[in-house]
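Each remark here refers to the structure printed beneath this line.
Number of protein chains: 2
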Amino acid sequence: MSENEDGNEKEKEKEKEKENENVGGSAGEAGGGGPRRVSMTPGARRVLEAAGRLFYERGIHAVGVDLIAAEAGVTKKTLYDRFGAKEQIVVEYLADRDERWRAFLAPYLERARTPRSRILAVFDASRDWAERSLPRGCSMINAHAEISDPAHPAYAVITGQKVWMLALFTDLARSHAPRRATSLGRTLMLLHEGGLVAYGMGVFPGAIDHARQGAELLLRDAPHPPTT
Amino acid sequence: MSENEDGNEKEKEKEKEKENENVGGSAGEAGGGGPRRVSMTPGARRVLEAAGRLFYERGIHAVGVDLIAAEAGVTKKTLYDRFGAKEQIVVEYLADRDERWRAFLAPYLERARTPRSRILAVFDASRDWAERSLPRGCSMINAHAEISDPAHPAYAVITGQKVWMLALFTDLARSHAPRRATSLGRTLMLLHEGGLVAYGMGVFPGAIDHARQGAELLLRDAPHPPTT
DNA sequence: TCCATAGTAAACCGATCTGTATACTCACTC
DNA sequence: GAGTGAGTATACAGATCGGTTTACTATGGA
């Protein structure tokens with residue numbers, strides 16, 4: 026363990042990752058706690074794509090590695106060479122979803138210019154995100170229902186995303202009404218989560234838009250403007 | 026199918042159900058769409074108890090019938106004689122939870138006397154219910170994450186409970202503010218669902234109480250009183 | 001030419017999955 | 001005392017689970 030000139034090898038690896046579509050990493054980089062552990066070879070990418078689709082549609086426990094490998098068009102050998110265990114695929118799946126969501130959300134926040142509109146922009150982003158890729162509700166909530174053990178490496182990804190969202194709402198709330206930022210942030214979080222759940226279960230149509238209406242009501246109510 | 030004097034047999038069955046703690050069934054009876062299909066013998070009761078506990082703690086797909094039978098102290102033969110299939114145990118599990126919740130909620134609603142306090146009583150009941158038996162969040166939401174097929178017989182139980190809750194909130198909202206009952210009922214539903222999710226995932230402490238605060242704000246805001 | 005990387009193909013492991021079968025016991029009742 | 005309902009004990013079926021192994025191929029630098 027003394028004679029590894031990693032400097033040389035790193036250069037090679039970096040050059041090979043020309044097709045890696047990293048999203049800059051401006052506001053991201055908190056995908057799951059650490060850097061990606063697996064080298065995303067073409068086969069690994071197809072595995073992750075297939076696993077993500079199957080996990081979300083049928084549930085994590087209901088999908089076996091044989092099916093994932095078959096859908097990805099790779100053998101189980103390749104799958105285990107890349108990921109080592111199904112558990113790791115689950116972690117990558119959730120971290121990937123989280124990363125994508127934050128990248129999707131970012132331009133919505135950047136476009137909005139007032140604190141109020143930035144808060145509402147989160148709901149707009151969620152609605153658009155849900156309509157295009159969340160027919161069965163939030164991936165994190167669904168995964169949490171299946172992963173009971175807090176020691177599971179995916180658990181941190183799940184709770185991490187929710188904590189991040191709460192911090193985001195609280196930060197945005199602070200800009201709008203500093204005096205009640207904590208409380209307002211939490212209420213926004215509840216409306217948002219409720220919207221996601223109600224949307225995923227089809228309780229009533231337009232659940233996320235309705236959550237946005239609820240948020241508007243909250244913001245109109247005692248907005249603590251510049252003291253007039 | 027002609028010679029069954031059910032009048033005689035019914036009496037016997039009813040006498041045997043002395044230990045059955047049916048809660049009158051005033052507002053209930055919508056447990057899952059139909060009457061219980063399985064005869065709840067002592068063995069069956071133990072199966073349902075064990076399955077309920079295991080399903081909730083570890084997830085439905087993660088628990089096998091062998092484990093359920095072992096935990097219940099019955100053989101798989103008994104289990105299959107009573108329930109026929111694991112699927113049916115899942116249905117009974119969810120219908121049972123739903124029934125218990127409605128029975129738990131009823132006295133909270135009866136004690137409250139104003140429309141406003143009746144709405145808040147739902148959140149009070151949920152907080153108490155969650156603290157005593159929902160460390161991992163709402164059973165229905167968790168089950169929905171695992172059961173993707175709408176044709177699954179448990180699906181109707183899941184969505185049925187949420188629809189019932191929405192109807193309850195809407196009814197209560199109608200007594201408080203008839204003009205905006207639909208919208209208010211939906212927002213209350215979102216806050217409530219959000220509270221359940223946030224509580225189950227431990228996003229921040231006292232999530233259901235905070236949802237109640239959000240509801241209070243909603244009710245204070247434009248309460249549409251008797252026109253003054 | 002050599003060699004590491006990434007992959008295919010296919011068999012195999014022990015364990016577990018849902019579900020069924022046979023054979024028997026016990027308690028209660030008509 | 002025969003019959004019935006509820007249960008035990010145990011073995012087994014066929015499939016699938018996560019995971020491993022051996023043998024081989026294609027590719028693209030150094």
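Those sequence lines, one after another, are chains A and B. Each number in the working numbering comes from the position in the first sequence (counting from 1) with 25 added on. Each number in the working numbering comes from the position in the second sequence (counting from 1) with 25 added on. Where a beta carbon is used, it is the ideal one built from N, C-alpha and C, also for glycine. Please read all numbers here as calculations on a predicted model, not as lab measurements.
The three-state reading of DSSP puts Ala137/B in coil, since its state is none of H, G, I, E or B. Looking at Glu117/A, Arg204/A, Ala75/A, the one whose alpha-carbon comes closest to that of Gly98/A is Ala75/A. Taking a Cβ-Cβ cut-off of 8 Å, the neighbours of Ile166/A in chain B comprise Ile166, Ala170, Val222, Met226, given in sequence order. Shown in chain order are the members of the region 180-195 of chain B whose Cβ falls below 9 Å from a Cβ of chain A: Ile183, Thr184, Lys187, Val188, Met190, Leu191.
Residues of the region 78-100 of chain A whose Cβ lies closer than 7 Å to any Cβ of chain B, in chain order: Glu82, Arg83, Gly84, His86, Ala87. For Ile85/A, the three-state secondary structure derived from DSSP is coil. Excluding five sequence positions before and after Phe129/A, the CB atoms of its chain that fall closer than 6 Å to its own CB belong to Trp154, given in chain order. Annotation for Arg211/A: Leu191, Phe194, Thr195 place their beta carbon closer than 8 Å to its own, counting only its chain and skipping 5 residues before and after. Here His217/A carries a helix assignment [DSSP, helix/strand/coil]. Residue contact check for Glu74/B against chain A: no CB pair falls below 8 Å. Within the same chain, Cβ atoms closer than 7 Å to the Cβ of Leu92/A are found at Leu79, the five residues on either side in sequence being excluded.
The distance from the Cβ of Ala170/B to that of Ala170/A is about 4 Å, consistent with a contact at the 8 Å cut-off.
Against chain A, a Cβ distance below 7 Å from Gly239/B picks out Thr212, Leu215. Residue environment analysis places Glu218/B among the buried positions, since at least 16 neighbouring C-beta atoms fall within 10 angstroms of its C-beta. Inter-residue distance for Met226/A and Arg161/A is about 7 Å (C-alpha atoms, whole angstroms). Taken through DSSP and simplified to helix, strand or coil, Phe129/B comes out as helix. Counted as a single uninterrupted DSSP element, the alpha helix (DSSP H) harbouring Phe194/A occupies residues 178-201. Here the alpha carbon of Ile144/A sits roughly 54 Å from the alpha carbon of Lys101/B. Leaving aside the five residues that flank Glu112/B on each side, the residues in its chain whose CB is nearer than 8 Å to its CB run, in chain order, His177, Pro178, Ala179. Close CB contacts of Asp149/A within its chain, under the 8 Å cut and outside five residues either way in sequence, are with Tyr133, Arg237 (chain order). The criterion of a C-beta distance shorter than 8 Å is satisfied by Met165/B and Leu119/B. Counted as a single uninterrupted DSSP element, the alpha helix (DSSP H) harbouring Phe108/A occupies residues 101-108. Burial check for Arg138/A: the Cβ neighbour count within 10 Å stays below 16, so the residue is exposed.
For Ser151/A, no chain B residue has a Cβ inside 9 Å of its Cβ, as the nearest lies near 12 Å away.
When Cβ-Cβ separations below 8 Å define contact, Phe229/A makes contact with chain B.
Under the three-state reduction of DSSP, Thr207/A is assigned to helix. Here Gly239/B carries a helix assignment [DSSP, helix/strand/coil]. In the DSSP assignment, Asp91/A falls within the unbroken alpha helix (DSSP H) covering 90-97. For Arg161/A, the nearest beta carbon of chain B is closer than 8 Å to its own beta carbon. Identification of chain B residues near Ala236/A by a Cβ-Cβ cut-off of 7 Å yields Leu215, ordered along the chain.
For Ser158/B, not one C-beta of chain A is nearer than 8 Å to its own C-beta. At a cut-off of 8 Å between C-beta atoms, Glu218/B counts as an interface residue with respect to chain A. Note that the C-beta distance between His86/A and Gly84/B is below 8 Å.
Below the 7 Å Cβ cutoff, chain A contributes Glu82, Arg83, Gly84, Arg161 as neighbours of Ser173/B, in chain order.
Assigned with DSSP and collapsed to three states, Gly227/B falls in coil, not helix or strand.
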